[in-house]
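Residue numbering for the sequence shown follows the numbering used here, starting at 2 and increasing by one per position.
Glycine included, every Cβ here is placed at the ideal spot set by N, Cα and C.
These figures come from a predicted structure and were not determined experimentally.
Okay, so here's the structure we're looking at.
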Amino acid sequence: MKNFLFLAVTFLLLSACSSKKSLVSKSFDKQLSSAFYKNQFTGVLVIDVESKDTIYTSNSHKYFIPASNTKIFTLLAALKTLPAQIPALKYIEANDTLYFEGTGDPSFLHPYIKDSTALKFLQNQSNLVFVSNNFQDKKYGPGWAWDDYQWYYSAEKSVLPLNGNVVITYKNPELIVSPPYFKDSVLELTHKNNRNETSNRFYYPPTKKDTLETPFITSDQTTRFVLENLLSKKVGTASTMPSGEKQTLYGSNADSLYVRMMHESDNFIAEQLLLVASGVLSDTLNGKLTRDYILENELKNLKQEPRWVDGSGLSRYNLFTPQNMVSVLDQLYSLVPQERLFSIFPAGGLSGTLKNRFAGDEKPYVFAKSGSLSNNYCLSGYLVANSGKVLIFSFMNNHFKQSTSEERNRLEQMLQTLRDTY
């Protein structure tokens, strides 16, 4: 009798689950076969995080341009390699002189992170020498748009970022410039660009009311000059560090960077995190080193080998499948406690890039990373159904000509179906 009851209950549960999946499939099939999706390329994968059952799949093995969904891979790389406190500087003391090199840490006086650990440390030293030969990367990622040089989301990568590698200008009521080193490089006049393409000459329209964040051109010399201005002391340079064991100065809380990267889709922080991770794995700052390490060790069992070329997703050379995305999200769910993980991801209707969309009735039900480029929109993350079950999903939409807002609206309908049905 007990065996009969057990089998009966099991049968009912399986039947209910099958019925729910059938309802989801019918709804999704109807939506994705509509005329709206006819001339675009869409891939979907949804799984149950506990049972690993596939709830829905369509083109989930095919490659898509992920845009900022790439940051999900960058988050995994950072969590797998970096300590709880970000390495801010490496240094050696020799002959009354402090020789120091950057770690790629993006938080050094970052306008939103506002970490001053490295600055205070350097202020307390008498003789400083800056060494930068550990940076073995390029300032831009492969396939980045060349004409984005003047926009905040395309700041250059560097060994020792300062102020997020952007010049911030605003009126209060006089013109305020940060870092102050660039004060004389900002002209108050109307110009078609925010900055010259090949020089650190900036423009701020006299009638402008809001804040401008414009990337500056980085170089070892510029870094030294900005530092000297901030420290009010001379900073020397050297081609190599002296012999000896390097010490590490630790700075900002890592989660503060992860939240900023994921909530605001901060491209600069994403790129720099790969550099910081490479500095932990080796003595060289190079994003490819980190990407290769993660793919060869942590993600060697992916069903499709992705093409992963940057940390932010600015490049259209990146190619990932929905199965790739769900696999990494599944790893993250196993690696990080749910409360912490969901706080790192934007919450629908509540925070970050999802603040004004995908809202729940009383509380968030979607915790996900969006990714947008012209004609592309992706959303991958976690969904808490009304039943309490946690689902992992990846919706990847490429090559559409309709408005991105309409893509989001239709995706929201499908996510609501998942929430209410499963």
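Next on the checklist: Rounding to the nearest angstrom, what Cα-Cα distance links residue 34 and residue 391 in this structure?
Outcome noted: 26 Å
Next on the checklist: Please report the straight-line C-alpha distance between residue 414 and residue 102, rounded to a whole angstrom.
Outcome noted: 50 Å
Next on the checklist: Quick check: what's the CA-CA separation for residue 11 versus residue 214?
Outcome noted: The predicted position of residue 11 is uncertain, since its pLDDT is 48 and thus under 50; a value taken from the coordinates is nonetheless stated next. Roughly 59 Å separates the two Cα atoms.
Item to check | Distance CB(residue 79)-CB(residue 369) smaller than 9 Å | outcome: no
Checklist entry - If we ignore side chains and look at the alpha-carbon of each, how far apart do residue 241 and residue 140 end up? => result 21 Å
Item to check | Inside the region 203 to 242 only - alpha helix (DSSP H) runs reaching at least 4 residues | outcome: 221 to 232
Checklist entry - What is the residue span of the alpha helix (DSSP H) that residue 73 lies within? => result 71 to 82
Next on the checklist: Here's a check: name, in chain order, each residue in its chain whose Cβ is nearer than 7 Å to the Cβ of residue 137, leaving out the five neighbours to either side.
Outcome noted: 285, 286 and 287
Item to check | Cross-strand partners of residue 104 (DSSP beta bridge) | outcome: Bridge partners of residue 104: none, in fact.
Checklist entry - Thinking just about the alpha-carbon of each residue, which of 53, 350, 47 and 117 is nearest to the one in residue 1? => result Past the edges of the chain, shown from 2 to 423, lies residue 1, and the structure says nothing about it.
Next on the checklist: If contacts are defined as beta-carbon pairs under 8 Å, then residue 371 and residue 159 qualify, I think. What distance do you get, rounded to the angstrom?
Outcome noted: 27 Å between Cβ atoms; not a contact.
Checklist entry - If residue 106 sits next to residue 252, beta carbons under 8 Å apart, how far is it from one beta carbon to the other, in whole angstroms? => result 6 Å
Item to check | Within 9 Å, strictly: CB atoms of residue 109 and residue 190 | outcome: no
Next on the checklist: Pop quiz: residue 411 and residue 358 are said to be a contact at Cβ under 8 Å. What is the actual Cβ separation, rounded to whole angstroms?
Outcome noted: Actually they do not touch by this definition, with Cβ atoms about 12 Å apart.
Checklist entry - residue 238 and residue 221 look like a contact to me (Cβ under 8 Å); what is the Cβ gap, rounded to whole Å? => result 7 Å
Next on the checklist: Comparing C-alpha positions only, which one of 180, 225 and 363 sits nearest to residue 203?
Outcome noted: 180
Checklist entry - For residue 271, does the three-state DSSP call read helix, strand or coil? => result helix
Checklist entry - Residue ranges of each beta strand (DSSP E) run of no fewer than 3 residues wholly in the region 136 to 191, ordered along the chain? => result 167 to 172 and 176 to 179
Checklist entry - For residue 292, does the count of other Cβ atoms within 10 angstroms reach 16, so buried, or fall short, so exposed? => result buried
Item to check | Which of helix, strand or coil DSSP assigns to residue 11 | outcome: Bear in mind that the predicted position of residue 11 carries a pLDDT of just 48, short of 50, making it too unreliable to give a figure here.
Next on the checklist: Quick test of your reading: residue 308 and residue 319, contact by CB under 8 Å. State the CB separation rounded to the nearest angstrom.
Outcome noted: 6 Å
Checklist entry - By Cβ distance, which residues of its chain are closer than 6 Å to residue 116, with the 5 residues on each side in sequence left out? => result 108, 252 and 253
Next on the checklist: Just verifying my parser: in three-state terms, what is the DSSP assignment at residue 5?
Outcome noted: Confidence at residue 5 is low in this model, with a pLDDT of 49, below 50, so its placement is unreliable and the value that follows should be read with caution. Helix.
Checklist entry - In chain order, what residues of the same chain have a beta carbon less than 8 Å from the beta carbon of residue 263, not counting five sequence neighbours either side? => result 72, 76, 345, 346, 347, 353 and 370
Item to check | Inter-residue Cα distance where the pair is residue 112 and residue 28 | outcome: 45 Å
Checklist entry - How many angstroms separate the CA atom of residue 21 from the CA atom of residue 31? => result 16 Å
Next on the checklist: Going by DSSP in three states, residue 19 sits in which element: helix, strand or coil?
Outcome noted: helix
Next on the checklist: Suppose you measure from the CA of residue 229 to the CA of residue 143; what does that come to, to the nearest Å?
Outcome noted: 32 Å
Next on the checklist: Rounding to the nearest angstrom, what Cα-Cα distance links residue 400 and residue 387 in this structure?
Outcome noted: 33 Å
Checklist entry - Are residue 315 and residue 268 close, meaning C-beta to C-beta below 9 Å? => result yes
Item to check | Selection from 416, 175 and 374 that minimises the alpha carbon distance to residue 146 | outcome: 374
Item to check | Any non-hydrogen atom of the ligand MN closer than 8 Å to residue 346 Cβ | outcome: In the structure on display, the ligand MN does not appear, and there are no ligands present to speak of.
Checklist entry - How long is the line joining the alpha carbons of residue 270 and residue 355, rounded to whole angstroms? => result 19 Å
Checklist entry - In angstroms, rounded to a whole number, what distance separates the CA positions of residue 186 and residue 174? => result 19 Å
Next on the checklist: Does residue 348 come out as helix, strand or coil in the three-state DSSP assignment?
Outcome noted: strand
Next on the checklist: Checking 9 Å against the spacing of the C-beta atoms, do residue 57 and residue 26 come in under that value?
Outcome noted: yes
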